[in-house]
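Trainee: Starting off with a structure, shown below.
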Amino acid sequence: MYKVNLHPSIDAIDPDHWDALCDPGYPFLRHAFLLALETSRSVSPENGWQPLHLELMQDDTCVLVMPLYLKSHSWGEYVFDWAWADAYQRNGLAYYPKLLNAIPFTPATGPRYGTSLPAREAARLLPNLLDQVMQQFKASSWHSLFPEQQVADAMPPDVLNRSGCQYHWFNHGYNDFEHFLSRFTSRKRKAVKRERRKVSEQGVTLQRLTGQQIQTEHLECFYQFYQSTYLKRGRQGYLSAAFFQQLLQTMPEQILLVLAEHTGTPVAAALYFKGNDTLYGRYWGCSADHDSLHFEACYYQGIEFCIEHGLNHFDPGAQGEHKIQRGFEPIRTRSLHRIADPRFAQAIEDFIEEERALMEQQIAELTTWLPFRQPD
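My numbering numbers the first residue of the sequence shown as 2 and each following residue consecutively.
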């Protein structure tokens, strides 16, 4: 017999209990990561993220945990449903609140719950669990963003399955960066080498810091740069300095900081997270523009790190067709949606079907842009 418990804070759930059910190789589902979002107030009811973290009990044993939020907007999600919200508003209906199963501000595919149940059983339960909470809170819909492919594929037909596109790097047994570039056509290989050379010719040096090597002053520099990238667009970054400082204390072993200096002064930084098999590029900022430095700090340093540490996959973050010519392959991402109102559910399903066909065509075309030589 199953019972659902909902918690208004991740702090209400024992960290060891939570982490024992979750994949330790995916950093963003860790209790420490979700707790840092809440204690730093980066995520809170006041800014439109009401935590409703789910525990599924079987008798007296917790068998599944899931990050869950009641949302009053669609910011910080990276799967865009603003048009759906507008359609509701035009018809005099409320799209918000909606229910969200996702990692806030983190468009990185991975597990969206932790469980001791068999994978097929957990996937079967997912729609029913979210339906129950959606009805309890009178939400218009529920959404699970960037789930793993096998979970998305296991959903019943009445769960809408939406496609997106990102650009990821895969390690095909490379010995070093030169080995990776050897797969490129001559022209594309020269272009990458030219970009890397430009950085050094400007007198910019880079270092990679991990774990305990990252000092408070390094993180303070990074945060100034991170905020500056948002301020240039007239916005504030979603995440507070306290969030990053807390992560440095609670999960330093999964953090990589690339720090760029010019004549001994920090000028840019990129923050990554390490999983068991995947590197995740997440945040970047700079104090001044240096030609090609963004590509070096956010892409090439990450690729080198993966090769040196035997990581097979590099997810550098959302968007950016410019990644393709640098060896990042277009891949399909997924999101799951249930719309309570059957009239809107049908219209949104039609939209998603059209969008999926266009997305498949786009990915096929973008794949032809890759810089790799054709095999002999």
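C-beta: ideal position from N, C-alpha, C; glycine also. Bear in mind the structure is a predicted one, so any value in this text is a computation, not a measurement.
1. Tell me the DSSP secondary structure of K139 in three-state form.
2. If you follow the beta strand (DSSP E) that I256 is part of, which residue opens it and which one closes it?
3. Below 8 Å, can you find three or more Cβ-Cβ pairs linking the region 220-233 to the region 10-18?
4. Which whole runs of the alpha helix (DSSP H) in the region 72-141 are 4 residues long or more, in chain order?
5. If you measure between the beta carbons of L146 and S10, is that distance less than 9 Å?
6. With 16 other CB atoms within 10 Å as the buried threshold, where does W370 fall?
7. Determine the direct distance from the alpha carbon of A358 to that of E262, and round the result to whole angstroms.
8. Should N102 and M58 be called a contact, given that it needs their Cβ atoms to be closer than 9 Å?
9. From the DSSP output, in three-state form, read off Q375 for me.
10. Can you tell me the Cα-Cα spacing of C287 and V268, whole angstroms?
11. At which residues does the alpha helix (DSSP H) containing Y227 begin and terminate?
12. Keeping to the same chain, check which residues put their C-beta closer than 7 Å to that of N162; ignore five residues upstream and five downstream.
13. Report, in whole angstroms, the separation of the C-beta atoms of F315 and H169, which I expect to be a contact under 8 Å.
14. Does T186 come within less than 9 Å of chain D when only Cβ atoms are used?
15. At what residue ranges does the region 321-356 contain a whole run of the beta strand (DSSP E), taking only runs of 3 or more?
16. With DSSP as the reference, please indicate the residues paired to C287 in a beta bridge.
17. Of the residues F138, V80, P128, which one's Cα is nearest the Cα of Y70?
18. Report the three-state DSSP secondary structure of L7 (helix, strand or coil).
19. What is the rounded straight-line gap between the Cα of Y239 and the Cα of E297?
20. Tell me the residue span of the beta strand (DSSP E) that contains P16.
21. Should P112 be labelled buried (16 or more other beta-carbon atoms within 10 Å of its own) or exposed?
22. Closer than 8 Å: is that where the CB of E366 sits relative to any heavy atom of the ligand FAD?
23. In its own chain, which residues sit with a C-beta less than 7 Å from the C-beta of Q208, not counting the 5 before and 5 after it?
Mentor: For this structure:
1. Mapped onto the sequence shown, residue 139 falls at position 138. Assignment of K139 by DSSP, reduced to helix, strand and coil, places it in the coil class.
2. The residue given as residue 256 occupies position 255 in the sequence shown. Counting along the chain, the beta strand (DSSP E) containing I256 begins and ends at 256-263.
3. Counting Cβ pairs under 8 Å, fewer than three are found: no touch.
4. With a minimum length of 4 residues, the continuous alpha helix (DSSP H) runs that stay inside the region 72-141 are 83-91, 120-137.
5. In the sequence shown, counting from the first residue as 1, residue 146 sits at position 145. In the sequence shown, counting from the first residue as 1, residue 10 sits at position 9. Not closer than 9 Å, so no.
6. Within the sequence shown, residue 370 is the residue found at index 369, counting from 1. The residue in question, W370, is exposed, as its Cβ has fewer than 16 Cβ neighbours within 10 Å.
7. Here residue 262 is taken as the residue at index 261 of the sequence shown, counted from 1. Here residue 358 is taken as the residue at index 357 of the sequence shown, counted from 1. If you take the alpha carbons of E262 and A358, they lie about 45 Å apart.
8. For the purposes of this step, residue 102 is taken as the residue at position 101 of the sequence shown. For the purposes of this step, residue 58 is taken as the residue at position 57 of the sequence shown. A distance of 9 Å or more separates the beta carbons of N102 and M58.
9. The count along the sequence shown starts at 1 and reaches residue 375 at position 374. Reduced to three states, the DSSP call for Q375 is coil.
10. As a first step, residue 287 is located in the sequence shown; it is residue number 286 there, counting from the start. As a first step, residue 268 is located in the sequence shown; it is residue number 267 there, counting from the start. Linking C287 to V268 through their CA atoms gives a straight-line distance of about 6 Å.
11. Against the sequence shown, residue 227 aligns to sequence position 226. Per DSSP, Y227 is one residue of the alpha helix (DSSP H) stretching across 217-232.
12. Translated into the one-based positions of the sequence shown, residue 162 becomes position 161. The beta carbon of N162 sits closer than 7 Å to those of A153, M156, R335, L337, all from its chain and outside the five residues before and after it, given in chain order.
13. The residue given as residue 315 occupies position 314 in the sequence shown. The residue given as residue 169 occupies position 168 in the sequence shown. Right, the Cβ-Cβ distance comes to about 6 Å (below 8 Å), so this counts as a contact.
14. Looking at the structure shown, chain D is missing, and only one protein chain is on hand.
15. Correct list: 330-340.
16. Along the sequence shown, read from residue 1 onward, the residue named residue 287 stands at position 286. A269.
17. On the sequence shown, residue 70 is found 69 positions in, with the first residue counted as 1. That would be F138, whose Cα lies nearest to the Cα of Y70.
18. As a position in the sequence shown, residue 7 is number 6, starting the count at 1. DSSP places L7 in strand when its eight states are reduced to three.
19. Walking along the sequence shown from the start, residue 239 turns up at place 238. Walking along the sequence shown from the start, residue 297 turns up at place 296. Whole-angstrom Cα-Cα distance: 24 Å.
20. Reading the sequence shown from its first residue, position 15 is the one you call residue 16. Element bounds for P16: not the beta strand (DSSP E) but the alpha helix (DSSP H), 16-22.
21. By one-based count along the sequence shown, residue 112 stands at place 111. That one is buried.
22. In the structure shown, the ligand FAD is absent, as is every other ligand, since no ligand is present at all.
23. The residue you call residue 208 lines up with position 207 of the sequence shown. L260, listed in sequence order.
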